[in-house]
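Okay, so the sequence shown: first residue is 1 according to full-length UniProt numbering, each after it adds one.
One structure is given here, and the rest of the page talks about it.
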Amino acid sequence: SWEIHGPQYFKCSKYKENHDIKNESERAREALKKYLFYYERWDNHMKSLKLEDENSERIQAKIDDELNRNNGTWIDWQYLLRGAKILSKCRYTLQYTYPYAYYMDGGPQKELFEFQQAALENEIENLAWKIENAETTDRGALENQMTIVEKRRTTLLYNFFQY
1 SWEIHGPQYF
11 KCSKYKENHD
21 IKNESERARE
31 ALKKYLFYYE
41 RWDNHMKSLK
51 LEDENSERIQ
61 AKIDDELNRN
71 NGTWIDWQYL
81 LRGAKILSKC
91 RYTLQYTYPY
101 AYYMDGGPQK
111 ELFEFQQAAL
121 ENEIENLAWK
131 IENAETTDRG
141 ALENQMTIVE
151 KRRTTLLYNF
161 FQY
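Spelled out as structure tokens, the structure:
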């Protein structure tokens, strides 16, 4: 339930490592737990990305329906397709932040990374909701959310993935 998250929504995407391990089998168990934690999040985002393909098809069908009813022009509805593309791009980026986080050493840099990762995830979910409810969502609010999520994505990439 989201109620247990409170204002610290990003804690569920952070792995809490146990440093009080005394023997080898416990260390192996802890290593497996850590791997599964990050793998499950990576896999969940891969599944979400596949759903975005279906969502794009649904959006295209909605646009076609609106055009057939002479409700606007093709250009009037392109913001929905743009939103779907941005959503897919951001989900893809987020998916691959989990393997990166798996290999990061603990410390302030990792905490900042996890905070930005969680902020991106939160904004992605906000955008997904606005696209899904596009009939009742103000176009300006949806376009604003597209800008926010893309800014979160580029900030994360700029801060941690420069070559």
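By construction, the Cβ of each residue, glycine as well, lies at the ideal position given by its N, Cα and C atoms.
(request) Please list, in chain order, all residues of the same chain as Arg152 whose beta carbon is under 6 angstroms from its beta carbon, the five residues on each side excluded. (result) Excluding residues within five positions, the ones whose Cβ falls inside 6 angstroms are Ala119, Leu120, Glu123.
(message) According to DSSP, is Arg69 part of a helix, a strand, or is it coil?
(response) Three-state result, Arg69: coil.
(message) For Glu52 and Thr136, what's the separation of their Cα atoms in angstroms?
(response) A straight line joining the alpha-carbon of Glu52 with that of Thr136 spans about 20 angstroms.
(request) Note down, in chain order, each residue of its chain lying with its Cβ closer than 6 angstroms to the Cβ of Thr97, except the 5 sequence neighbours on either side. (result) If you ignore the 5 residues before and after Thr97, its C-beta comes within less than 6 angstroms of the C-beta of Gln117, all in its own chain and listed in chain order.
(request) For Val149, verify whether its CB is less than 6 angstroms away from any heavy atom of the ligand ADP. (result) As presented, the structure is devoid of all ligands, the ligand ADP included, so that no description of it is given.
(request) Report all residues from its chain with a CB closer than 7 angstroms to the CB of Lys130; omit the five preceding and five following residues, and keep chain order. (result) Beyond the five residues adjoining it in sequence on each side, Lys130 comes within less than 7 angstroms, by CB distance, of Thr137, Ala141, Leu142, Gln145 in the same chain, given in chain order.
(request) Flag this pair as yes or no: are the beta carbons of Glu114 and Lys14 separated by less than 7 angstroms? (result) Closer than 7 angstroms, so yes.
(request) Classify Arg41 as buried or exposed, calling it buried when 16 or more other Cβ atoms lie within 10 Å of its own Cβ. (result) Its Cβ being crowded by 16 or more others within 10 Å, Arg41 is buried.
(request) Could you have a look at Tyr39 and say whether DSSP puts it in helix, strand or coil? (result) Three-state DSSP puts Tyr39 in a helix.
(message) Please give me, in chain order, every unbroken run of the alpha helix (DSSP H) with length at least 4 that falls completely inside the UniProt domain "Ariadne" (34-133).
(response) Fully enclosed alpha helix (DSSP H) runs of 4 or longer: 78-95, 97-103, 108-132.
(message) Considering only the alpha carbon of each residue, which of Ile148, Leu87, Ile75, Lys110 lies closest to Glu54?
(response) Checking every option, the nearest Cα to that of Glu54 belongs to Leu87.
(request) Please work out which residues of its chain come closer than 6 angstroms, Cβ to Cβ, to Met104, disregarding the five sequence neighbours upstream and downstream, and give them in chain order. (result) Exclusion of the five residues before and after Met104 leaves Lys110 as the residues of its chain whose Cβ lies within less than 6 angstroms of its Cβ.
(request) Can you tell me which of Gly106, Ala31, Ala134, Val149 puts its alpha carbon nearest to the alpha carbon of Arg91? (result) The shortest Cα separation from Arg91 among Gly106, Ala31, Ala134, Val149 belongs to Val149.
(request) For the alpha helix (DSSP H) holding Lys151, just list the boundary residues, first then last. (result) Segment 139-160, the alpha helix (DSSP H) holding Lys151.
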